[in-house]
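Notes follow the structure.
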Amino acid sequence: MSDHQDDASQSQSQSQSQLTAPDWRDRALQWIKREGRFVADTIHPDSANLGKGRRLASWAILRVKGLILLVVGAVAAVIVTHYTAEDSARTGGKAEGAINAENGYIHATIRLKPYESYDPPYETFSESKLTLRQIRGINSGEYTAEEAVKGGMAAQWSGVAPGLGQVYFADLVSDSSSMIIVTDIRPVNISCRNSKMVTQISTSGEGGVAISDLAYVLQGDHEAGNGFIMDDSNRGDPYFDHYSITLGGGADAQTLKILGVAKPGSRCTWDLRAGFTTDDGQSHQAKINGKPLVTEGGPSEESGAQHLRVYAHRLIEWECAHGQRKQEDCPKPS
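Here you go:
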């Protein structure tokens, strides 16, 4: 009997404990009161004499103040960062402006003439030797130089000095609001070494040299000289002895064809430096290319390289014999 009473008493006690246990809302409210009392007593010792409501209000006000200070600090940081970046950009812009003012706002986009744009006569270089099949194809007229050599490099003769090289297009432009006059463009920082080319194929053709404007001889007596005129009655004279180039002030960009000439057996790298005057009469100089220009002179005669020639008439004969050309365009048999 006593055991039943004890069990009943224990069960009743557990039941009462479950009924009176605080839920999460009560626990949260107790924590807020406790923390509020601690904060208020710590920050405002005189709040100990306040009632519970005012103590909680004091704690809440402190929390709100803290949030306000946090937001204000974040906004201030953003503003400071913005103006710091703006000042940095302004300073960088001034520095860039000073550099541009020094070089006269002149710059150039330089492009290598594509292989397929060369007209005969021209040369083709390769770092690999041709197979017997490729050699027979060239000699019979089956292959052009481009078909025989994949990834080859075309080269042009200047007509003013021994050697060969590649043609570049230089698009000259100026961002200056006032006009500048280009009075000189010359090669600088010239560095030459032995060529790795072991094959040279000459493509014959009618006509003269298919290059206008300037040619630079990168080795020998004319190494630091002016560009030579290639396409008019002053052919062979320094280009800027007869011409100047006007840029800036709204003037259009000017495109020059430029040929660097290297001796057979040589490969040269070089830069272009322009000399010009601004509207105040001051003279300036500036390098106008980004990456160095490359001029390949091809294999030397003494290197044991292969030298072949593509003849236009053999190409035509092969096409006619294999039905790749209309009969009316083929030569009549004699």
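Counted the way the numbering used here counts, the sequence shown spans residues 27 to 360.
C-beta atoms are modelled at their ideal positions from N, C-alpha and C, and glycine is treated no differently.
Values in this document were obtained by computation on a predicted structure and should not be read as measured data.
Let's see if you can read the secondary structure: which residues bound the beta strand (DSSP E) around residue i?
i	result
C218	M205 to N220
G286	Q280 to V287
H339	That residue, H339, is in no beta strand (DSSP E); its alpha helix (DSSP H) goes A338 to A347.
G274	I271 to G274
Given a cut-off of 8 angstroms, decide if residue j and residue i are closer than it, judged by their beta-carbon atoms.
i	j	result
S270	Y337	no
T281	V320	no
L285	T170	no
G189	K283	no
S204	T304	yes
L156	T225	yes
V214	V243	no
I211	G163	no
D239	M223	no
G274	S217	no
L298	K313	yes
S221	R293	yes
E172	S228	no
N315	I136	yes
Q160	A180	no
D197	A277	no
E354	G167	no
Using three-state DSSP, classify residue i as helix, strand or coil.
i	result
L138	strand
I314	coil
P172	For the record, residue 172 in the displayed sequence is Glu; it is not Pro. Reduced to three states, the DSSP call for E172 is helix.
Q308	coil
S292	strand
H30	Residue placement at H30 is poorly supported in this model, since its pLDDT is 46, which falls under 50; the coordinates still yield a value, given next. Correct three-state label for H30: helix.
Q353	helix
K358	coil
S143	helix
By the DSSP assignment, the alpha helix (DSSP H) with residue i in it spans what residues?
i	result
D228	According to the sequence shown, residue 228 is Ser rather than Asp. No alpha helix (DSSP H) holds S228; the beta strand (DSSP E) holding it covers T225 to T229.
G163	L158 to S166
In terms of DSSP beta bridges, what is residue i paired with?
i	result
Y194	L138 and I284
V199	H133
T150	A180 and I227
I255	L240
P264	F254
A300	I211 and A312
V320	T295
Q332	T225
Alpha carbon to alpha carbon, what distance is there between residue j and residue i?
i	j	result
Q182	K139	11 angstroms
D434	V193	Only positions 27 to 360 of the chain appear in the structure, and residue 434 is not among them; the question remains open.
A241	S154	28 angstroms
E322	G301	26 angstroms
F151	Q332	10 angstroms
S259	S184	16 angstroms
C346	D145	22 angstroms
P325	G307	46 angstroms
S329	K176	22 angstroms
R261	K317	29 angstroms
R351	K358	13 angstroms
Q245	E142	27 angstroms
I206	P147	37 angstroms
H339	S309	54 angstroms
F195	Y265	16 angstroms
Q311	G191	26 angstroms
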